[in-house]
Structures are given as C-alpha cells and as structure tokens.
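What follows is a short report on a single structure.
2 protein chains.
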Amino acid sequence: MSIYISKSAQDDGFKPCAHDYQVHCGNCRLNSICLPLSLESDDIQQLDDIIQRSKPLKKGQHLYREGDDFQSVYAVRSGTLKAYKTTDDGREQVTGFYFPGEILGMDGISKNTHASSASTLETSAVCEIPFSSLAKLSALMPNLQRHFFQLMSREITDDQVLITLLSKNSADERVAALLLSISARNARRKLSSTHFRLPMSRVDIGNYLGLTVETVSRVLSRMQKMELLCVDNKEIEILDMPGVRNMANVAS
Amino acid sequence: MSIYISKSAQDDGFKPCAHDYQVHCGNCRLNSICLPLSLESDDIQQLDDIIQRSKPLKKGQHLYREGDDFQSVYAVRSGTLKAYKTTDDGREQVTGFYFPGEILGMDGISKNTHASSASTLETSAVCEIPFSSLAKLSALMPNLQRHFFQLMSREITDDQVLITLLSKNSADERVAALLLSISARNARRKLSSTHFRLPMSRVDIGNYLGLTVETVSRVLSRMQKMELLCVDNKEIEILDMPGVRNMANVAS
DNA sequence: TAATTCACTTGATGCAAATCAATGCACATT
DNA sequence: AATGTGCATTGATTTGCATCAAGTGAATTA
Numbered sequence: 001m002s003i004y005i006s007k008s009a010q011d012d013g014f015k016p017c018a019h020d021y022q023v024h025c026g027n028c029r030l031n032s033i034c035l036p037l038s039l040e041s042d043d044i045q046q047l048d049d050i051i052q053r054s055k056p057l058k059k060g061q062h063l064y065r066e067g068d069d070f071q072s073v074y075a076v077r078s079g080t081l082k083a084y085k086t087t088d089d090g091r092e093q094v095t096g097f098y099f100p101g102e103i104l105g106m107d108g109i110s111k112n113t114h115a116s117s118a119s120t121l122e123t124s125a126v127c128e129i130p131f132s133s134l135a136k137l138s139a140l141m142p143n144l145q146r147h148f149f150q151l152m153s154r155e156i157t158d159d160q161v162l163i164t165l166l167s168k169n170s171a172d173e174r175v176a177a178l179l180l181s182i183s184a185r186n187a188r189r190k191l192s193s194t195h196f197r198l199p200m201s202r203v204d205i206g207n208y209l210g211l212t213v214e215t216v217s218r219v220l221s222r223m224q225k226m227e228l229l230c231v232d233n234k235e236i237e238i239l240d241m242p243g244v245r246n247m248a249n250v251a252s
Numbered sequence: 001m002s003i004y005i006s007k008s009a010q011d012d013g014f015k016p017c018a019h020d021y022q023v024h025c026g027n028c029r030l031n032s033i034c035l036p037l038s039l040e041s042d043d044i045q046q047l048d049d050i051i052q053r054s055k056p057l058k059k060g061q062h063l064y065r066e067g068d069d070f071q072s073v074y075a076v077r078s079g080t081l082k083a084y085k086t087t088d089d090g091r092e093q094v095t096g097f098y099f100p101g102e103i104l105g106m107d108g109i110s111k112n113t114h115a116s117s118a119s120t121l122e123t124s125a126v127c128e129i130p131f132s133s134l135a136k137l138s139a140l141m142p143n144l145q146r147h148f149f150q151l152m153s154r155e156i157t158d159d160q161v162l163i164t165l166l167s168k169n170s171a172d173e174r175v176a177a178l179l180l181s182i183s184a185r186n187a188r189r190k191l192s193s194t195h196f197r198l199p200m201s202r203v204d205i206g207n208y209l210g211l212t213v214e215t216v217s218r219v220l221s222r223m224q225k226m227e228l229l230c231v232d233n234k235e236i237e238i239l240d241m242p243g244v245r246n247m248a249n250v251a252s
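Protein sequence lines correspond, in order, to chains A and B.
Residues 1 to 252 (my numbering) make up the first sequence, in order.
Residues 1 to 252 (my numbering) make up the second sequence, in order.
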C-alpha cells in the first residue's frame with residue numbers, strides 16, 4: 001500500500017493547482033487549517049520533510065482498509081474521502097467525510113491497525129504523514145504535540161455530535177445538520193457556504209446519517225418544496241439559511 | 001472545581017480498599033489497564049507525582065460539566081461514571097460509561113473546554129491528571145506519549161462502534177451489545193463476565209443506546225424469557241453467552 | 001399501617017422511517 | 001438509435017419502536 005513518489009519528479013513549468021502534489025507545507029494554502037497551524041517556519045520545514053505526497057487517487061480508490069497495518073495518518077489536500085466501518089454482517093457504516101485540510105486515519109493508533117476503511121469520493125490527493133515520525137517530532141515541538149492532541153480530541157467530539165444526531169434527531173434534522181456542517185467546512189476553506197456540490201452520493205449520506213436513500217431524497221425534496229434549498233442532483237444552493245438551521249434544531 | 005486534597009492526610013493504619021485514595025500508581029491494582037501501562041518504575045513515580053487523588057464522589061455528583069474549562073483528564077479508580085452531552089433543546093445524550101481503570105475527559109482537549117459533562121452513577125473515586133503536566137511528561141517519555149495517543153484513539157474507535165450500533169442495529173442488538181461490552185470490561189478487571197450488577201439505570205441505558213426506557217425493559221424481559229439472562233433489577237446473570245452474542249449479531 | 005416516591009415493567013395505539021416497487025434520467029457502450 | 005447501468009425520485013405498504021397510560025414492587029416517610 002505504498003503511495004510514495006519521488007519528490008524530484010516533474011519539477012519544472014508546473015503551476016500549483018488543486019491536485020498539485022509538489023506544494024510544500026510552507027506554501028500550501030490549507031496550512032492554516034491543517035497540521036502546520038501554529039508552527040514556526042523552520043518547524044514547518046521539519047514537518048514538511050517527513051510528509052509524503054502522493055499522486056492523486058481516482059474516485060473510489062482506497063487509502064487504507066479496515067485491518068491494514070497502521071503506519072500513517074493522512075491530510076486531505078484536494079477532493080473528498082469517506083471513512084467507513086464494515087459491520088459483522090457485511091454492511092457499511094460511514095463514520096465520516098473528510099474535506100481538504102482535514103486529517104484522517106487517527107483511529108488506527110489504538111491497535112496499530114486501521115479500525116476503518118477510507119476511500120475517495122472523487123479524484124483526491126492526500127499527504128501521508130508517517131505516524132512514528134510525527135510522534136517523534138511532536139515530542140520535540142510542543143505546539144505540534146498540542147495541535148495533534150487537539151485534532152484527535154476534535155475527532156472524538158465530532159463523533160459524539162454524530163452519536164447524538166443519530167440517537168436523538170429526526171431524519172429532517174439529520175439531513176439539515178449535515179448540510180450545515182458541509183456549509184461551515186466550506187466557509188472555513190473560503191468557499192461559498194450557500195452554494196456547493198455534494199461530493200458524496202445519496203447512499204453515502206443516508207449511510208452516514210442512519211437513513212435510507214429514499215428518506216434522504218424525500219427530505220431534500222421537502223426542503224426544496226419549502227424553499228429552504230435549491231437542489232439539482234449534487235448541486236445544492238441554500239436559499240434560506242435560518243430556515244435550514246431551524247430545521248436542524250441547532251442554536252448557533 | 002478543585003478536588004485536590006492533601007496527600008499527607010490520613011496515612012496510617014489505613015488498609016487499601018476500593019475507594020482508597022492513598023494508593024499510588026505503583027501499587028494500584030488497575031495500573032495494568034490505566035495510564036502507567038508499559039512504564040518503567042521510575043517513570044511511574046514521575047507520573048504518580050503529577051496525579052491528584054480525590055475524596056470519593058457521591059452518587060450523582062459531577063466531575064465536570066459541558067463548558068467548564070478543561071484542565072485535566074481523569075482515571076476512574078472505583079465506581080462508575082457516565083459522560084453525556086446536552087442537546088440544544090435540553091435533552092441528554094449519554095456518550096459513554098466509564099469503569100475503573102478507564103480514562104475520561106479527553107474530549108476537552110480540542111477546545112480547552114469540556115465538550116460533555118461527567119457524573120457518577122454510584123460512589124466513585126477518580127485520579128485527576130492535569131493535562132499540561134501529562135503533555136510535558138509525555139514529551140519526555142515515548143511510552144507514555146504512545147499510550148496516551150492510543151487511549152485517545154481508543155475513544156475514537158469506541159465512539160465509531162457506538163455510531164454503527166445506533167445507526168444499523170435493532171433494539172435487541174443494541175442492548176445485547178452493551179451487556180457484552182460490560183461483561184468484557186469486567187473480565188479485563190478480573191471480575192465475573194457472567195454475573196454482575198449494572199451500575200446505571202434503565203434510563204441511562206436507553207439514553208446511551210438511543211432507546212426509551214420501556215424498550216430497554218422489554219428487551220431485557222424478552223432475553224429473560226428466552227433464557228439468555230437472569231435479570232433481577234440491576235443484577236444480571238448471563239446464562240447463555242453464545243445466545244447473547246448471537247442476539248447482538250457480532251462475530252467474536 | 002398507610003402514603004408517597006422512585007425505578008421499572010407491561011399493555012395498547014400511533015407514527016416516522018424502512019421496505020418494496022416502479023419510474024425517470026444521465027451517461028456510457030454498442 | 002437502441003440498450004444497459006448506476007443513481008435519484010416518488011408512491012404504497014409495512015413495521016419497529018416511541019408514546020401514552022396504567023400497574024407493580026421496594027424503599028422511605030409519615
């Protein structure tokens with residue numbers, strides 16, 4: 001499962017773009033929401049040195065599978081991924097979606113084996129961060145250590161939010177909450193919070209939210225009828241943000 | 001919210017017992033499943049030095065509340081605690097139960113604020129571990145760092161299991177799975193895996209599993225009728241372990 | 001001893017979402 | 001143009017669990 005590539009390959013006349021795997025942490029436009037956050041520039045250089053950048057992965061390819069040896073965590077550079085667990089009776093449970101700047105794979109640390117699988121929802125590029133190097137480096141850089149602890153803790157709190165959503169909220173509330181989450185994560189990356197393309201299928205949405213495809217589809221139709229959204233397949237436009245928040249039943 | 005006590009208080013003619021707060025990491029019978037795991041004895045001493053032991057907390061007392069400043073994580077020494085989130089509309093979602101040897105509070109790291117509340121289900125004692133000291137120490141002790149990363153990762157994987165349970169499993173499967181989880185955690189502490197007392201109420205069980213009290217009660221009655229269990233209020237005896245596993249729909 | 005409370009159980013009914021089934025639509029293949 | 005395939009939508013029916021309501025038993029108090 002090695003995705004390392006030679007860094008020296010293809011170095012000239014190459015404009016940075018979404019999938020560009022030559023961009024370094026120092027000049028990556030995601031570094032304010034990724035691991036380098038709060039590092040000094042010479043610390044960033046050291047972090048940069050341990051990071052392996054991969055060729056873009058095509059839609060549907062796996063980054064790792066449940067049970068694989070755990071070696072690295074991954075930062076999404078472009079595209080979107082989903083993480084999912086397979087139940088004993090063979091069904092899938094999507095446990096998270098990962099957008100550019102976000103880190104996945106931390107669930108593998110506990111048993112040195114990936115506890116979930118991760119695959120791309122569209123063409124995507126990732127930075128591979130060997131965990132043993134990251135651990136060594138974070139023992140030397142308090143800021144890095146703190147940031148990584150925070151990232152793991154963030155994963156825990158995100159999971160708890162999902163637990164609550166699944167346990168306490170209606171289909172309408174779940175779908176509205178997911179749309180708001182995606183909207184907020186787009187805003188963090190300076191993209192539109194009201195007009196975006198869902199990178200995942202209805203099946204994945206339903207799977208993540210504990211609903212069937214049909215229910216997801218019905219909720220979206222209803223939201224469109226209520227003029228909260230304009231839905232065109234994967235293209236979503238939020239027309240009435242307070243209305244959506246109200247449907248999600250959240251305070252903020 | 002300080003629960004520190006003077007270590008020198010009450011030091012003589014004191015036999016160690018479940019709630020004894022004088023026991024140190026080095027001679028704590030839980031140290032094989034708690035933080036000290038895999039530390040050398042002089043490292044254990046250093047860890048021991050930063051740990052604050054508290055008087056036992058009475059049933060229903062809070063260790064921390066959602067929104068409190070995050071200072072420490074806690075190891076359960078005796079008793080049981082629950083962690084829960086409060087939803088925007090004021091309802092509770094229990095996110096976990098914590099038995100002796102287990103660590104809670106790690107969800108506070110990400111925002112420096114506790115993301116959930118924790119209260120005791122019965123008289124309990126905890127060890128308070130100031131996080132800043134733990135972070136400093138773990139930068140110096142690779143084994144401690146690794147172990148703490150693993151604990152956090154474990155929290156993530158446990159949450160993912162709960163997510164899957166809530167999203168994909170029936171009421172029967174959820175209740176059976178919780179019983180198996182408690183059974184396994186008892187076994188880890190060398191207690192009976194087949195005969196134990198549930199420390200939490202039916203309300204808490206239902207809340208944790210996304211079910212109403214009535215449903216929990218019915219499932220337990222059904223399991224008794226099927227002769228999988230013997231239920232006497234909180235006292236549980238598992239009569240047919242393969243049967244319970246079968247009901248939970250899990251492989252192991 | 002009776003009364004109050006609390007945690008739990010049991011039964012009857014209703015509803016939200018699953019399931020089953022059909023159809024529509026975009027896009028690729030031939 | 002015809003055919004297939006994957007994804008999304010919509011409608012009809014079923015069902016598992018919530019809800020509502022009442023009842024039990026043990027512990028606590030009067």
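Note that beta-carbon positions come from the ideal geometry of N, C-alpha and C, so glycine has one too.
All figures in this text were calculated on a predicted structure; none of them were measured in a lab.
Counterpart residues of residue i in DSSP-defined beta bridges
i, result
"H147(A)", "In DSSP, H147(A) forms no bridge with anything."
"G96(A)", "A83(A)"
"S119(A)", "H62(A) and K82(A)"
"V76(B)", "V126(B)"
Between the CA atoms of residue j and residue i - distance to the nearest angstrom
i, j, result
"Q145(A)", "S138(B)", "10 Å"
"P142(A)", "K136(A)", "11 Å"
"E237(A)", "M223(A)", "11 Å"
"K225(B)", "E122(B)", "29 Å"
"G26(A)", "Q45(A)", "7 Å"
"E173(B)", "E102(B)", "24 Å"
"K59(B)", "T120(B)", "5 Å"
"E128(A)", "D49(A)", "11 Å"
"D176(A)", "I51(B)", "As written in the sequence, residue 176(A) is Ala, which differs from the Asp given in the question. One C-alpha to the other measures close to 44 Å."
"S221(A)", "E235(B)", "49 Å"
"S72(A)", "S153(B)", "13 Å"
"N207(B)", "Q22(B)", "35 Å"
"G105(A)", "F70(A)", "8 Å"
"S38(A)", "N31(A)", "9 Å"
"P36(B)", "D43(B)", "8 Å"
"P242(B)", "V94(B)", "28 Å"
"V216(A)", "K82(A)", "18 Å"
"G67(A)", "I33(A)", "29 Å"
"G108(A)", "S116(A)", "8 Å"
Proximal chain B residues relative to residue i, where beta-carbon distance stays under 8 Å
i, result
"M200(A)", "Near M200(A) there are no residues of chain B at all, since even the closest Cβ is about 16 Å away, more than 8 Å."
Reference residue i, options the options, closest by Cα
i, options, result
"M200(A)", "L35(A), T194(A), V213(A) and D89(A)", "V213(A)"
"T194(A)", "G210(A), S183(A) and V203(A)", "S183(A)"
"G96(A)", "L239(A), V161(A) and E235(A)", "V161(A)"
"I41(B)", "Q52(B), K55(B), H24(B) and L57(B)", "According to the sequence displayed, residue 41(B) carries Ser and not Ile. The candidate whose alpha carbon is nearest that of S41(B) is H24(B)."
"S78(B)", "Y208(B), V126(B), I51(B) and S110(B)", "V126(B)"
"L47(B)", "N207(B), S132(B), Q150(B) and L220(B)", "S132(B)"
"A187(A)", "F99(A), E92(A) and T86(A)", "F99(A)"
"V231(A)", "L198(A), G108(A) and D88(A)", "L198(A)"
"H147(B)", "Q150(A), S110(A), K168(A) and T164(A)", "S110(A)"
"D240(B)", "L180(B), L209(B) and T215(B)", "L180(B)"
"H114(A)", "Y74(A), Q150(A), V250(A) and R29(A)", "Y74(A)"
"F196(A)", "L229(A), G90(A), K82(A) and D107(A)", "L229(A)"
"D204(A)", "D204(B), V203(B), S167(B) and S54(B)", "S167(B)"
"V76(B)", "L209(B), R29(B) and Y84(B)", "R29(B)"
"L211(B)", "N169(A), K85(A) and Q61(A)", "N169(A)"
"D89(A)", "R185(B), N112(B), P130(B) and L165(B)", "L165(B)"
"K55(A)", "S124(A), V219(A), I163(A) and R91(A)", "S124(A)"
Proximal chain A residues relative to residue i, where beta-carbon distance stays under 7 Å
i, result
"D159(B)", "I156, D159, Q160 and I163"
"D172(B)", "Within chain A, no residue comes near D172(B); the closest Cβ sits about 14 Å away, beyond 7 Å."
"S294(B)", "Nothing in the structure corresponds to residue 294(B), since chain B is present only between 1 and 252."
"A115(B)", "T157 and Q160"
"I106(B)", "Here residue 106(B) turns out to be Met, not Ile, going by the sequence shown. Those within 7 Å of M106(B) in chain A are S153 and I156."
"D89(B)", "N249"
Reduced DSSP secondary structure (H/G/I, E/B, other) of residue i
i, result
"F131(A)", "helix"
"I156(A)", "helix"
"C34(A)", "coil"
"F14(B)", "Because F14(B) sits at a pLDDT of 42, beneath the cut-off of 50, its placement in the model cannot be relied upon, and the following sentence gives the value as read from the coordinates. Of the three classes helix, strand and coil, the one that applies to F14(B) here is coil, per DSSP."
"E214(A)", "helix"
"E173(A)", "helix"
"C25(B)", "helix"
Contacts that residue i makes with chain B (C-beta to C-beta distance below 7 Å)
i, result
"I109(A)", "F149, Q150 and S153"
"M247(A)", "Here the premise fails: no neighbours, minimum Cβ distance about 13 Å."
"T215(A)", "In chain order: nothing, as chain B lies at least about 13 Å away."
"Q145(A)", "A135 and A139"
"K85(A)", "Q160 and T164"
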